[in-house]
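To start, the structure itself, in structure tokens.
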Amino acid sequence: MTEHLHRLITHVLRRLPPEFAHRCAINGLRYAPRIRAGTLSAELTAGMSQPLLGRHFSHPIGLAAGFDKDAQAVNALAALGFSFVEAGAVTPLPQPGNPKPRLFRFPKQQSLINQYGFNSRGLDYVAANLAQVRRDTPVGINIGKNKHSDDPLQDYATCASRLMEQVDFITLNFSSPNTPGLRSLVDEKHLRPVLATVQSLRQASSAPARILFKLSPDMEHSAVRDLIELLIEHQVDGIIVSNTTTQRESIDHPQARSLGGGLSGLALKKLSEQMLERVYPLAKNRLAIIASGGLFTGQDIYDRIIRGADLVQILTSFVYHGPGIIYTMLRQLREIMDQQGIRHLSSIKGSYYE
Numbered sequence: 001m002t003e004h005l006h007r008l009i010t011h012v013l014r015r016l017p018p019e020f021a022h023r024c025a026i027n028g029l030r031y032a033p034r035i036r037a038g039t040l041s042a043e044l045t046a047g048m049s050q051p052l053l054g055r056h057f058s059h060p061i062g063l064a065a066g067f068d069k070d071a072q073a074v075n076a077l078a079a080l081g082f083s084f085v086e087a088g089a090v091t092p093l094p095q096p097g098n099p100k101p102r103l104f105r106f107p108k109q110q111s112l113i114n115q116y117g118f119n120s121r122g123l124d125y126v127a128a129n130l131a132q133v134r135r136d137t138p139v140g141i142n143i144g145k146n147k148h149s150d151d152p153l154q155d156y157a158t159c160a161s162r163l164m165e166q167v168d169f170i171t172l173n174f175s176s177p178n179t180p181g182l183r184s185l186v187d188e189k190h191l192r193p194v195l196a197t198v199q200s201l202r203q204a205s206s207a208p209a210r211i212l213f214k215l216s217p218d219m220e221h222s223a224v225r226d227l228i229e230l231l232i233e234h235q236v237d238g239i240i241v242s243n244t245t246t247q248r249e250s251i252d253h254p255q256a257r258s259l260g261g262g263l264s265g266l267a268l269k270k271l272s273e274q275m276l277e278r279v280y281p282l283a284k285n286r287l288a289i290i291a292s293g294g295l296f297t298g299q300d301i302y303d304r305i306i307r308g309a310d311l312v313q314i315l316t317s318f319v320y321h322g323p324g325i326i327y328t329m330l331r332q333l334r335e336i337m338d339q340q341g342i343r344h345l346s347s348i349k350g351s352y353y354e
């Protein structure tokens, strides 16, 4: 697709009700004629590639979970230019999620609030879709629990077991604010058996996925420290920093302040950045770090990398600005690298703390 067509489609989708627009975007990507891979030149991405999590990433920008919940359009999304795609969250059994409306736009604030609640077509459906994915681009899957599960911790083991050899990484999502009681499971008592089971599944697999854990930006500092040590003890490979927030201090909008759910976009940027600053000294050289939350520009990517991120994920900026945002952010990052004489992004990782 041309940049002009990208802008036109994005403009049309923004005029539709949010969740309907989301569904239209997924169906459009899913059923459209095969999208030709985006042309990101070697000159543009020079010094941006890296090996990580057992795969090669051509540049830092991936798509966060939450956009392609059921892995229906992974191939098309990869062709748009993302260096990796994370689908999900998937739950073992199909579930509708929370009542509608459950997605709210705040365009002036470049932010979203979602109350989805792990709406999922279930593990069987998602596994069948992932079996059709081309693996030339790294692919991950975000996993969660069913809302009314009798054994929520087993839900994670069920998903991990089924998908262990179908993706490059599996993200354990205990940080969504839209499933009652989910965040309360983030303690040693609940997590230790899950992590031990997932570790056993990996050891028994001939081609195991890497394991990531997605952090809430609302965690207390002491809880973050304990969690990082527990993840390292169980050989988790990386963390995503961060999920959406339930805090509302950063968004100046009366409706937003009255709504529950997860806040993302520019209003999450500072909080997610601060969370990364707390996490990096604890995880440095022991966990891969993917930064997520409020990234809209090449400067935002630079700011997360110097704070310790290896890669970044976007979602809200993709929703508001369409596929062209990938090229725009990379071009801006290229300009920063050229201006500062940065030969490779790895040379500036963590430099904020020096």
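Sequential numbering of the sequence shown, starting at 1, is according to full-length UniProt numbering. No residue lacks a Cβ here, since even glycine has one placed at the ideal position from N, Cα and C.
May I ask you to report which of helix, strand or coil DSSP gives Ile228?
The answer is helix: DSSP assigns Ile228 an H, G or I state.
Could you spell out the range, first to last residue, of the beta strand (DSSP E) harbouring Lys214?
Residues Arg210 to Leu215.
Rounded separation between Asn75 and Arg102 - CA only:
Near 27 angstroms, if we compare the C-alpha coordinates of Arg102 and Asn75.
What's the gap between the Cα of Ala267 and the Cα of Ala204?
Spanning the two alpha carbons is a distance of roughly 42 angstroms.
How about Phe82 and Ile326: do their beta carbons lie closer than 8 angstroms?
Result yes, Cβ atoms of Phe82 and Ile326 sit closer than 8 angstroms.
Roughly how many whole angstroms lie between the Cα atoms of Gly293 and Tyr116?
Just so you know, the alpha carbons of Gly293 and Tyr116 end up roughly 17 angstroms apart.
Bridge partners of Thr245, per DSSP?
Answer by DSSP bridge pairing, in chain order: Leu263.
Please name the residue, chosen from Pro177, Asn173, Gln154 and Gly140, that lies closest to Glu165 on a Cα-to-Cα basis.
Checked all of Pro177, Asn173, Gln154 and Gly140; the closest Cα to Glu165 is Gly140.
Leu345 versus Leu311: straight-line alpha-carbon distance, rounded:
The straight-line gap from Cα to Cα measures roughly 10 angstroms.
With the cut-off set at 8 angstroms, would you say Leu77 and Leu330 are in Cβ contact?
No, the Cβ-Cβ distance between Leu77 and Leu330 is not below 8 angstroms.
Using alpha carbons as the reference points, say which of Pro107, His56, Arg14 and Val194 lies closest to Arg135.
Cα-wise, what sits closest to Arg135 is His56.
Chain-order list of residues whose beta-carbon lies under 6 angstroms from that of Gly126 (same chain, five-residue window excluded):
It is worth fixing the name first, because residue 126 is Val in this sequence and not Gly. Taking C-beta separations shorter than 6 angstroms and ignoring five residues to either side along the sequence, the partners of Val126 in its chain run Asp70, Ala71 and Val90, following chain order.
Once the 5 residues before and after residue 356 are set aside, which same chain residues still bring their CB inside 7 angstroms of it?
Residue 356 is absent from the model: the chain starts at 1 and stops at 354.
Along the chain, where does the beta strand (DSSP E) containing Glu188 start, and where does it finish?
No beta strand (DSSP E) contains Glu188, which is instead part of the alpha helix (DSSP H) from Glu188 to Ala204.
Considering only the beta carbon of each residue, do Thr45 and His22 sit closer than 8 angstroms?
Taking 8 angstroms as the Cβ cut-off, Thr45 and His22 do not qualify as a contacting pair.
Report the three-state DSSP secondary structure of Arg343 (helix, strand or coil).
DSSP places Arg343 in coil when its eight states are reduced to three.
My understanding is that Leu182 touches Phe174, with C-beta atoms under 8 angstroms, so please give their C-beta distance in whole angstroms.
That belief holds up - the Cβ atoms of Leu182 and Phe174 are roughly 6 angstroms apart, short of 8 angstroms.
Own chain, CB closer than 6 angstroms to Thr197, minus 5 neighbours either side, in chain order
Ala157, listed in sequence order.
For Phe213, which of Ile239, Gln313 and Pro180 has the nearest alpha-carbon?
Checked all of Ile239, Gln313 and Pro180; the closest Cα to Phe213 is Ile239.
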